[in-house]
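Quick notes on the structure that follows.
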Amino acid sequence: MHELAAGITTISSLGGQTRNAYDPRRCPGGSSGGTGVAIAASFAAVGWGTDTCGSIRIPAAYSSLVGLRPTQGLVSRSGIIPLSHTQDIAGPLARTVTDLAIALDATVGPDPADTVTRRLGDRPAPRFVSALDPKALQGARLGVLRNYFTDTDDDVARVIRAAIDSMKTSGAEAVDVTIPDFDSLLAGSRAIDLETKFDLLDYLAHRPAAPVRSLSEIVAQGLYHASLDARLRRVDTVSARDSDAHRAVLAKQRVVSARISRLLDSLRLDGLVYPTMRQEPALIGDPQPGSTCQLSAATGLPAISVPAGFTRGGLPVGLELLGPSWSDARLVALAYAFEQSGPRRKPPITTPALVNGRAPETTVFTVTATSAGATPGVRAEGRLVLDRSRYELRYDVRVTGVPADRVSAVVLQRPDSAGPGPVVYRLAGPGATAVSGAIPLTGADVAALSEGRYVLTLFTTDQPAGAARARIEAPR
0 MHELAAGITT ISSLGGQTRN AYDPRRCPGG SSGGTGVAIA ASFAAVGWGT
50 DTCGSIRIPA AYSSLVGLRP TQGLVSRSGI IPLSHTQDIA GPLARTVTDL
100 AIALDATVGP DPADTVTRRL GDRPAPRFVS ALDPKALQGA RLGVLRNYFT
150 DTDDDVARVI RAAIDSMKTS GAEAVDVTIP DFDSLLAGSR AIDLETKFDL
200 LDYLAHRPAA PVRSLSEIVA QGLYHASLDA RLRRVDTVSA RDSDAHRAVL
250 AKQRVVSARI SRLLDSLRLD GLVYPTMRQE PALIGDPQPG STCQLSAATG
300 LPAISVPAGF TRGGLPVGLE LLGPSWSDAR LVALAYAFEQ SGPRRKPPIT
350 TPALVNGRAP ETTVFTVTAT SAGATPGVRA EGRLVLDRSR YELRYDVRVT
400 GVPADRVSAV VLQRPDSAGP GPVVYRLAGP GATAVSGAIP LTGADVAALS
450 EGRYVLTLFT TDQPAGAARA RIEAPR
């Protein structure tokens, strides 16, 4: 997970960088990104995360999983290292809604070790498996929260729109909802930085064997990743548990919760719908924009992220449903009905099925492009090794039958219906007749190569439209 659960890119000073199972060049979301990747890769059926602001839902979205942030008080937080006692909540991540429901049935309910679960009061703990209904979307009213469609990647928005259309086809009514003062409503509702220092202090006070006693000691001893440096130093300057600033945040959260609850009630909505993340997973080392986590975190209302589909580049997109307090079982039922309306999840290529208990070997492609034109004897031979676990293509290319000074390039093209298609990767440049190297691939590239949808092309100075070309056939 991300160090101290304090980020959404899942990097740790001792654990290193967790990579996205659908594109290892990218982040998996966080903070429960390790759980998300493990479940996506089928290392286990269900995993557990904590969500202070998106830490279940974001990894679920970026690993094509289902993840629920429950109503605050439905699930015990006992034993969890705290980040913010106001916003922390535990919840499951799973590949299917049924698996999620089984996990919830086993874990929800009151716990004397966590006083927040007293909020259940006399309510019976919901039962999730029995609530699953493939027809749950029939007659459901969903508010499409347009405020969370601003600054959204076009491809992500396309996938979300298609998902909402599918819900409508399944019988749901979708109504547009715009909250005029949305940004100012959420402003000042984040409690995390005001609570981390003292919540961690209380946690460590009950663990005398811990090697540190406080956040101050963690900072002083450099026991954290550099990406958290500014944040931890800022948090460590908080001087009091009960401050005017903290009371203002709690008051603002009550305002936000009441406002959103009234909105859901007045419009008779089963839930609000919006993208879990408005942007694709960031490349490793880059900041991750696009979160919509704060609405559920500030209100304490339940929210579930479900797989909505994939971008054209093969990256998962999550759709989030936020409902009224204690509507967790209804949200899970809606997610189940959506799941049943069509397969939207596919396993990552990086973790293929084991063969006799072992990871499959790399795939080797051999291709020979020969000239059928005015320059007979020209050849470009390639040996390509596809490593799906790394999304990497290693290659050896040899050019014969043409002087080196006439070689312009050897490339990979992806044909389309109109012809050879655009150049996607250059393997060799001008004057090169023997080249070895490696290139990172996207998920779409891996799929296209595996399906025989790439060609190897040699360009020369006297045949700039292509001196030799051959399709790269998948090994049989």
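Just so you know, we're using numbering that gives the first Met the number 0 here: the sequence shown kicks off at 0 and counts up by one. We treat Cβ as the ideally placed atom computed from N, Cα and C, and that holds for glycine. This one's a predicted model, so the numbers in the text were calculated from it and none came from an experiment.
Excluding the 5 residues flanking residue i on each side, which residues of the same chain have their C-beta closer than 8 Å to its C-beta?
i: Ala-403; result: Gly-430, Ala-431, Thr-432
i: Tyr-223; result: Glu-2, Leu-3, Ser-12, Ile-217, Leu-231
i: Thr-459; result: Thr-374, Val-377, Val-401, Arg-405, Val-406, Ser-407, Ala-466
i: Thr-34; result: Met-0, Gly-46, Trp-47, Gly-48, Pro-58, Leu-92
Give the straight-line distance between the Cα atoms of residue i and residue j, rounded to the nearest whole angstrom.
i: Ala-336; j: Asp-415; result: 36 Å
i: Ala-156; j: Phe-148; result: 7 Å
i: Gln-252; j: Ala-102; result: 29 Å
i: Glu-194; j: Leu-3; result: 13 Å
i: Arg-413; j: Leu-426; result: 14 Å
i: Val-272; j: Leu-392; result: 39 Å
i: Val-96; j: Ile-438; result: 37 Å
i: Ser-304; j: Leu-448; result: 31 Å
i: Leu-541; j: Ala-443; result: In this structure the chain extends from 0 to 475, so residue 541 is not present and cannot be described.
i: Thr-85; j: Arg-206; result: 22 Å
i: Leu-144; j: Ala-464; result: 50 Å
i: Ser-183; j: Asn-146; result: 12 Å
i: Leu-119; j: Gly-108; result: 8 Å
Just grab the DSSP bridge partners of residue i for me.
i: Arg-470; result: Val-454
i: Trp-47; result: Pro-91
i: Ile-10; result: Gln-16
i: Phe-364; result: Leu-383
i: Ser-290; result: Met-276
i: Thr-236; result: Per DSSP, none; premise fails for Thr-236.
i: Val-316; result: Gly-308
i: Gly-142; result: Val-174, Leu-271
i: Thr-399; result: Arg-378
i: Pro-81; result: Pro-81 pairs with nothing; no bridge assigned.
i: Tyr-424; result: Leu-411
Going along the chain, which residues of its own chain have a beta-carbon closer than 6 Å to the beta-carbon of residue i, five neighbours each way excluded?
i: Leu-263; result: Pro-323
i: Gly-66; result: Ile-55, Arg-56, Ala-59, Leu-92, Ser-304
Just mark residue i as buried or exposed, buried being the case when its beta carbon has 16 or more other beta carbons within 10 Å.
i: Arg-117; result: exposed
i: Lys-196; result: buried
i: Arg-343; result: buried
i: Arg-387; result: buried
i: Asp-164; result: exposed
i: Ala-37; result: buried
i: Gly-418; result: exposed
Once the 5 residues before and after residue i are set aside, which same chain residues still bring their CB inside 7 Å of it?
i: Pro-23; result: Thr-349, Arg-389, Tyr-390
i: Thr-310; result: Asp-154, Val-155, Val-158, Glu-279, Val-316
Please report the Cβ distance between residue i and residue j, rounded to the nearest whole angstrom; I am assuming they are in contact, meaning their Cβ atoms lie under 8 Å.
i: Ala-39; j: Ala-20; result: 5 Å
i: Cys-26; j: Gln-278; result: Not confirmed; about 11 Å, so no contact.
i: Thr-8; j: Gly-29; result: 6 Å
i: Thr-51; j: Leu-92; result: Contact doesn't hold; Cβ gap of about 15 Å is too wide.
i: Ala-473; j: Gly-451; result: 5 Å
i: Gly-299; j: Ser-238; result: With 8 Å as the limit, Gly-299 and Ser-238 do not qualify as a contact, their Cβ atoms being about 27 Å apart.
i: Pro-301; j: Thr-70; result: 5 Å
i: Ser-295; j: Arg-140; result: Not a contact, Cβ separation roughly 19 Å.
i: Gln-137; j: Ser-169; result: 7 Å
Output yes if chain C places a C-beta closer than 8 Å to the C-beta of residue i; else output no.
i: Gly-108; result: The structure shown contains no chain C; it holds only a single protein chain.
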